[in-house]
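Residues in the sequence shown are numbered consecutively from 8, following my numbering.
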Amino acid sequence: MRIGIPREIKTLEGRVALVPAACGDLVQAGHDVFIEAGAGSKSGFSDEDFQQVGVEVLPDAEALYGKSELVVKVKEPIEGDLQYLRSDHQLFCYLHLAAEPKLTDRLLDIGLTGVAFETVEEDDGSLPLLAPMSNIAGRIGVQVGTHLLHQPEGGRGVLLGGLPAADRGHVVVLGAGAAGGNAARLAASSGARVTVFDKRQDRLAEMMAIGPNVTALYPYGDTVADFVSKADLVIGAVLITGARAPHVISREMISSMNEGAVVVDISVDQGGCVETTRPTTYADPTYQVDGVTHFAVTNMPGAVPRTSSQALSAAILPYVQRMARPDWEAMEPLARGVNVRKGELVHPALKKA
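Below, the structure is given as structure tokens:
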């Protein structure tokens, strides 16, 4: 199989889908692996690092896509990628099509087979290729939120952990999956008061076990509204596999929050779980609605490309190895991950979108 790894061109995106060691395993398995020049540079991997394990470095995207059968990248393709995609390509990356109808239409018009990392689903319902980036995004959400609460950033001037004779900050986390769970753990470890909402009893129990400063509750509408109105930092981490995220926080709830409070919507890739969310980039990451700072960068793990690339590469390599086989769709998790094929929507959640 001819496997190509393009350079990511989304704004300030520094990740690379496969690190040199993973590429070396693919080369040793008999595959031809290509990478676009500079694709690993922001993650700390030089072209020479890839060449040393047998990868052929190609000068530009046109050459890369032209020689590849299986295209493995990180983020969804944008115009600089789409012009080179063909109907005989297999595309393996994060797609988030539920929130991207125009991209969906383009991929359907091209007629390729698109398998989304975020919808590769194991028999137990776990999402092994979404989990590592969700883990990172959850932690980044708290780190960024903590900074945005500083008064010079327009925040409330709250230190999450508090001090003797000073209140602790209050963090509300919506969703106790990989992203929300990591956010809750980091916020709790800083000493903040943390309230986590989720519908799953087992996840609520996990959150309660973090420590005495964590409360875990079912997301009844009035209860969510009450806690959000008093929060210093809200982390949105709601996920329905393959589908657009529901709006759990309304515009009215945002209006009820204190001026200088912060909302970080990790669910933005799937449309956002906050009604006032709109996608941003690291070039211009924040905006305000009713005095509340919103951070809704669509590639949050891209801020730590070295860590993210290593974690992502380790997670996807076994699936790339399987996709390089003619019978790859016999592997149920990959079959569940197919979003588009030969001009048709395949994933059930997308058909409902």
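All C-beta atoms, glycine included, are put in the ideal place defined by N, C-alpha and C.
Asked                                                                                                     : Found
Cα-Cα separation, residue 98 to residue 237                                                               : 44 Å
Counted within 10 angstroms of its Cβ, other Cβ atoms place residue 247 as buried (16 or more) or exposed : exposed
Beta-carbon proximity list for residue 23, same chain, < 6 Å, skipping 5 on both sides                    : 46, 47, 50 and 316
Contact set for residue 349: own chain, Cβ-Cβ below 6 Å, skip 5 residues either direction                 : 118
Proximity of residue 68 and residue 27 at Cβ, strictly below 7 Å                                          : no
Nearest-angstrom beta carbon gap, residue 121 and residue 16 [assumed within contact, 8 Å]                : Not quite, the Cβ-Cβ distance comes to about 18 Å (not below 8 Å), so this is no contact.
Cβ-based burial, residue 189 [other Cβ within 10 Å; buried from 16]                                       : buried
6 Å Cβ shell around residue 255 - same chain, five flanking residues per side excluded                    : 181, 245 and 280
Euclidean distance between Cα positions of residue 173 and residue 200                                    : 13 Å
Among 103, 111, 198 and 142, nearest to residue 1 - alpha-carbon criterion                                : Given a span of 8 to 360 for the chain in the structure shown, any question on residue 1 remains unanswerable.
Limits of the unbroken beta strand (DSSP E) element including residue 200                                 : 200 to 204
Residue range of the alpha helix (DSSP H) that includes residue 72                                        : 68 to 74
Backbone CA spacing between residue 243 and residue 271 [nearest angstrom]                                : 6 Å
Whether residue 1 touches residue 82 by CB criterion (7 Å)                                                : Residue 1 lies beyond the stretch modelled for the chain, which goes from 8 to 360, so this question has no answer here.
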